[in-house]
Every structure is written in C-alpha cells, then in structure tokens.
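Some notes on the structure that comes next.
Residue numbers (full-length UniProt numbering): 1 to 288.
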C-alpha cells in the first residue's frame with residue numbers, strides 16, 4: 001500500500017505520542033522528541049493536533065512531523081525506515097508541494113534526523129542548509145550533583161513566576177499563565193517538570209522545563225531561561241544541573257538539549273553542567 005499523510009484528530013493524539021515515545025533511543029540520531037510536542041501544547045490540544053502530521057503505510061505510523069510555526073517542519077521517522085525510499089519520496093513530495101497542505105510556498109525549513117534519505121532527496125531537489133544547531137547530551141547513569149542554588153518544582157502558586165521568568169528570558173516569548181495551564185493539562189506534562197531557581201534574596205532568577213519520554217529513554221530540556229540581569233552568575237548552569245537531576249528521577253537515561261550553534265554562551269552553560277557536544281545538525285532550507 002502507498003504511504004498516506006494524515007492530520008491526526010484530538011482523539012488520535014495519544015496513539016501518535018505513544019509512537020513517538022517508542023522511537024526515542026540514546027543510540028538514535030537526535031530527533032523530534034515528545035517534549036517538543038509537550039512544549040507546543042501550551043497553545044492547546046486543538047492547535048497541537050492541527051500542527052501535527054503523520055505518514056502511515058498499512059496502518060502503521062512511519063513518520064511524525066510537527067509544524068513549529070508556518071514555515072518549519074520538525075520531522076522524524078521510525079528507526080527502521082530512515083532509508084525507506086517510498087517513504088522518503090512521499091515525504092519530499094508532501095513538503096515541496098504547497099497543495100499537499102504541509103508547508104507553504106517560499107522560504108521553508110525541514111528538520112530531520114541526520115542520515116535519513118529524505119535529507120538526501122531534499123538536497124537533490126536543490127534545498128540548501130540553514131544555520132547549524134548544536135545538540136548536547138548528559139548521561140544520567142550516575143547520580144547528579146547538587147545544583148548549588150534553591151530550586152523548586154513549579155506548583156499552582158508559582159505559575160506567574162514561571163511565566164514571568166520565560167517572558168523576561170526571551171524577548172519574543174508569549175508564555176502566559178493561561179498557556180502554562182494548557183501545557184500542564186496536556187498528557188505529556190505528567191512526565192515533565194517545571195523548575196524555578198531563586199537567588200539568596202528569594203527572587204526567581206530563571207526557569208527550566210524538562211520532559212521525560214519514559215524510563216530508559218533520553219529526556220529533553222525545552223526550554224531554559226535566565227533573567228537578563230541575573231546572567232553571568234552561574235544560575236543557568238545550576239538550573240541545568242537541577243533539570244538533569246529531575247530527569248534522572250523520572251527514569252531518563254540521558255538529558256538532551258539543542259541550541260543554535262551561534263549561542264556560544266548557551267553552549268558553554270550546558271557544557272559546564274556536564275553535557276557533551278554532539279555533531280552539529282543542519283536543517284534543510286528552501287530559499288524563498
């Protein structure tokens with residue numbers, strides 16, 4: 001049978017997310033993580049469903065994509081079909097033809113795991129590469145050291161502090177209390193933690209959210225932020241260490257984070273928290 005693209009309904013999300021969890025593996029290339037979908041869930045279940053695409057054959061889901069905005073598709077596949085020609089050609093057809101309802105005309109990006117045939121075929125279609133991203137990984141086999149600052153798990157009384165920390169850390173952030181509650185009501189947040197860090201005066205200095213994909217699987221940091229006026233004091237490192245410890249408590253085998261390679265300070269923060277750099281990843285980009 002042919003490969004079929006679908007937009008899952010809300011009642012199908014649990015099955016899709018379960019499949020995405022199964023594909024997570026420390027030995028696999030860096031790929032779309034359930035936590036990426038969990039973080040997107042701040043926009044609500046309906047919008048999350050609208051942003052997801054699946055590709056199936058004979059009733060089996062082979063690929064999952066998340067439209068992270070109108071022009072970026074974050075894509076991954078089942079481990080055994082990364083070089084499947086029929087799947088790759090259908091994926092390329094769907095992302096290159098606007099009438100297929102995935103990406104519009106003009107400048108767009110596709111993020112796919114390294115080594116997938118879809119990357120090769122997009123290159124053959126004339127797609128270039130975009131600015132590099134740096135993945136970083138910390139093994140969680142051994143216990144994690146103390147963070148060195150006061151860190152608390154965000155509860156109902158700290159939601160406004162959490163969202164304020166996000167907006168202060170990122171100029172374009174639209175994270176509100178309402179969106180935190182939407183995210184926390186999603187099914188993926190049961191295996192996630194939001195943490196707030198505090199200085200000696202009791203002021204919130206930054207926040208981190210971490211997402212488990214289940215016991216024995218890599219967990220994800222998405223996002224981490226520190227107030228601009230609190231940077232340079234080690235709070236980012238401390239929050240990252242605390243996030244790694246939270247993931248270990250949730251059963252994660254490792255902690256993964258991905259950041260733009262140009263953000264040298266962010267890369268240095270993660271490395272100071274015990275993370276190791278992995279090979280850079282390049283999105284495929286079609287110029288406008």
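Cβ coordinates follow ideal geometry from the N, Cα and C atoms, glycine included.
Got a sec? Which residues, its chain only, sit under 8 Å from residue i by beta carbon, not counting five neighbours each side?
i: residue 206; result: 165, 169, 196, 197, 224, 225, 226, 227, 230, 235, 236 and 239
i: residue 259; result: 133, 134, 136, 266, 267 and 270
i: residue 73; result: 53, 65, 66, 67, 95, 102, 103, 108, 109, 110 and 111
So for residue i, helix, strand or coil by DSSP?
i: residue 146; result: coil
i: residue 57; result: strand
i: residue 205; result: strand
i: residue 254; result: strand
i: residue 276; result: strand
i: residue 8; result: coil
i: residue 196; result: strand
i: residue 228; result: helix
i: residue 248; result: helix
Check whether the Cβ atoms of residue i and residue j lie closer than 8 Å to each other.
i: residue 137; j: residue 276; result: yes
i: residue 75; j: residue 110; result: yes
i: residue 122; j: residue 84; result: no
i: residue 113; j: residue 82; result: yes
i: residue 87; j: residue 95; result: no
i: residue 241; j: residue 147; result: yes
i: residue 281; j: residue 127; result: no
i: residue 10; j: residue 46; result: yes
Among residues of its own chain, excluding the 5 on either side of residue i, which ones have a beta-carbon nearer than 6 Å to its beta-carbon?
i: residue 159; result: 177 and 180
i: residue 257; result: 136, 221 and 270
How big is the Cα-Cα spacing for residue i and residue j?
i: residue 25; j: residue 64; result: 16 Å
i: residue 189; j: residue 37; result: 10 Å
i: residue 233; j: residue 51; result: 38 Å
i: residue 2; j: residue 62; result: 12 Å
i: residue 192; j: residue 129; result: 32 Å
i: residue 49; j: residue 214; result: 22 Å
i: residue 286; j: residue 151; result: 42 Å
Please list, in chain order, all residues of the same chain as residue i whose beta carbon is under 7 Å from its beta carbon, the five residues on each side excluded.
i: residue 22; result: none
i: residue 288; result: 106 and 107
Discussion item. So within the segment 94-169, which uninterrupted alpha helix (DSSP H) runs reach at least 4 residues, ignoring any that extend past its ends?
Written reply: Listed in chain order, the complete alpha helix (DSSP H) runs (minimum 4 residues) inside the segment 94-169 are 117-124 and 159-169.
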